[in-house]
Amino acid sequence: MPSTMTTPDLRVLVVRNDKLGDFMLSWPALKTLKQAQADIHVTVLVPEYTASIAHCCPWVDDVIIDPGHGASRAERRHLLNRMHDKQFDAMLTLFSTPRIGWLGWRAGIPMRMAPATKWAQIFYNHRVVQHRSQSLKPEYEYNVDLALALLERLNVQGDAARPPFWPMTERSHRQGRVALAKACGLSLDRPWWCVHAGSGGSAVNLTPERYAELIKKVHARLDRPVHWLFSAGPGEEAVATSLCDRLTAGGIDARRLPANQRLSALAKMLDATDGLIAGSTGPLHIAGCLDIATVGFYPAKRSATSLRWQTCNHDDRRLAFSPPQGDDTATDMSLIDLDAASAAIADLIMRRGAYTDVHDVHEDIDD
Numbered sequence: 001m002p003s004t005m006t007t008p009d010l011r012v013l014v015v016r017n018d019k020l021g022d023f024m025l026s027w028p029a030l031k032t033l034k035q036a037q038a039d040i041h042v043t044v045l046v047p048e049y050t051a052s053i054a055h056c057c058p059w060v061d062d063v064i065i066d067p068g069h070g071a072s073r074a075e076r077r078h079l080l081n082r083m084h085d086k087q088f089d090a091m092l093t094l095f096s097t098p099r100i101g102w103l104g105w106r107a108g109i110p111m112r113m114a115p116a117t118k119w120a121q122i123f124y125n126h127r128v129v130q131h132r133s134q135s136l137k138p139e140y141e142y143n144v145d146l147a148l149a150l151l152e153r154l155n156v157q158g159d160a161a162r163p164p165f166w167p168m169t170e171r172s173h174r175q176g177r178v179a180l181a182k183a184c185g186l187s188l189d190r191p192w193w194c195v196h197a198g199s200g201g202s203a204v205n206l207t208p209e210r211y212a213e214l215i216k217k218v219h220a221r222l223d224r225p226v227h228w229l230f231s232a233g234p235g236e237e238a239v240a241t242s243l244c245d246r247l248t249a250g251g252i253d254a255r256r257l258p259a260n261q262r263l264s265a266l267a268k269m270l271d272a273t274d275g276l277i278a279g280s281t282g283p284l285h286i287a288g289c290l291d292i293a294t295v296g297f298y299p300a301k302r303s304a305t306s307l308r309w310q311t312c313n314h315d316d317r318r319l320a321f322s323p324p325q326g327d328d329t330a331t332d333m334s335l336i337d338l339d340a341a342s343a344a345i346a347d348l349i350m351r352r353g354a355y356t357d358v359h360d361v362h363e364d365i366d367d
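See the structure below:
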C-alpha cells in the first residue's frame, strides 16, 4: 500500500542558539513562518540548554542541538552532516555568527538569510538591513521582520503573528493550577504572582533587598491577599529562600516554587500563575510567550532598553520600569521609583484578578 504521508513544500532551519530569553523572543517569528500560506516544516537549531523548551514550541517540527564553539571535531562534523542530510530549502539566522554562517554554506542550504551585520554576513546570500543597535522597536519585531522577508523571498504569503505565542488549552491551565495548588498549599480564590529575583548573569536586576521592599509596597496597596511565589535559577535558590523568609516574617504570604531543573516544567508552573515580576531574563520572556501578565525591570542603556527587550504578550498585560536615562544612571537599578512601580503593579494585579475559574478548578480537585 503506498504511503499517504506528504512531503512539506518547504524545509526551513531557524537559528537562535544563544540565551533562553533570546530564543523565546524568536517564537513570534516561528509562529509567523508556521502560519504562512504554505506547508512549511520548521526546524530550530538551539543549544542543549533551551532544547526542552524548543520541543514544547507549537511552531517547531524538529530540533537540532548545537554543540557550541567548544565542540569536538566529531561533534562539529555530526552537526554539519545533520544540516546537510535535512536538505533545507532555507536557513534563517536571527543572530548571525561566522561559525553558523559557514555551517549553512557548507551544508549547501540554497537560501541563507540573516541580518546584515558584521563580517559574518559574507556567508549569507540574502541579507536584511535592520540597525538593531538603535533599539527602535522590540527584538521580537525585528525577528518577525526577518521571517516576513524570508517568506517574501520564498514567494509565500505571510502576516505577522499575534499573541499568544505559546497558547495553552483551558484544561491545561486548570490542571497546572490544581497541581501548583497542591504542591504549595495555595488558595484557589487568590491571585498567584511569581517573582524571579535572579538575573541569570545576563541582565542587571533589582537587588533582593529592593525586591523585598517592592513586594511590601505592593502588598500595602492591595485590597485582596495574594500568594507570592519565588522562582530561582541554578545557584539562585538561597536568594529566593531568603526573600521568602524575610517577607513571611513581615506577615506576607511568600512561598518557593517547587524546584525543577527542566525549563519546560518551570513554564508549566508559570502558566498556572497570574503574572511574573522579574528582570529582563529568560523566565520573563517565557511568561510573555504564555501571555500572562509581566512586570519587567530594565536598564536604560540603548542596547538593553525596555522597548528593545519588551515581552511579547498583549499590551495590557505588560509593565516595564527603568532608572533615569544618563551615562551615570542608566544601569543604576536603585534609582527606579518603587513607589510608582508598586502603584502600577498593584493596579495590574487588581485589574487582572485570578487567572483561572475557581469553580472549574475545584471540580478538577474533586476529581
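Numbering-wise (UniProt numbering), the sequence shown opens with residue 1 and increments by one. Where a beta carbon is used, it is the ideal one built from N, C-alpha and C, also for glycine.
Counting the other CB atoms within 10 Å of its CB gives Thr207 a total below 16, which places it among the exposed residues. In this structure, the CA atom of Thr329 is about 19 Å from the CA atom of Trp309. Contact between the region 283-297 and the region 158-178 is present, with at least three C-beta pairs closer than 8 Å. Counting C-beta pairs closer than 8 Å gives three or more between the region 335-351 and the region 214-229, which meets the contact rule. For Pro115, the enclosing beta strand (DSSP E) covers residues 111-115. Using a 10 angstroms sphere on the CB of Arg73, the tally of other CB atoms stays under 16, which defines it as exposed.
Minimum Cα-Cα distance from Glu209 among the listed residues Arg190, Trp192, Ala240 corresponds to Ala240.
By the Cβ criterion, the region 176-191 is in contact with the region 249-260, since at least three pairs of Cβ atoms, one from each stretch, lie closer than 8 Å.
Bounds of any alpha helix (DSSP H) do not take in Arg318; it lies within the beta strand (DSSP E) bounded by 318-321.
Counted as a single uninterrupted DSSP element, the stretch harbouring Met168 is not any beta strand (DSSP E), since DSSP gives it neither H nor E. If you ignore the 5 residues before and after Val128, its C-beta comes within less than 8 Å of the C-beta of Met113, Ala114, Pro115, Ala116, Asp145, Leu146, Ala149, all in its own chain and listed in chain order.
Cα atoms of Val156 and Trp192: separation of roughly 43 Å, rounded to the nearest angstrom. In the structure shown, the three-state DSSP call for Gly275 is strand. Within the same chain, Cβ atoms closer than 7 Å to the Cβ of Gln35 are found at Ala161, the five residues on either side in sequence being excluded. Within the DSSP bridge table, the entry for Arg11 names His41 as partners. The distance from the Cβ of Gly296 to that of Leu284 is about 5 Å, consistent with a contact at the 8 Å cut-off. Around the C-beta of Glu139, 16 or more other C-beta atoms lie within 10 Å, and the residue is accordingly described as buried. At least 7 Å separates the beta-carbon of Thr305 from that of Ser133.
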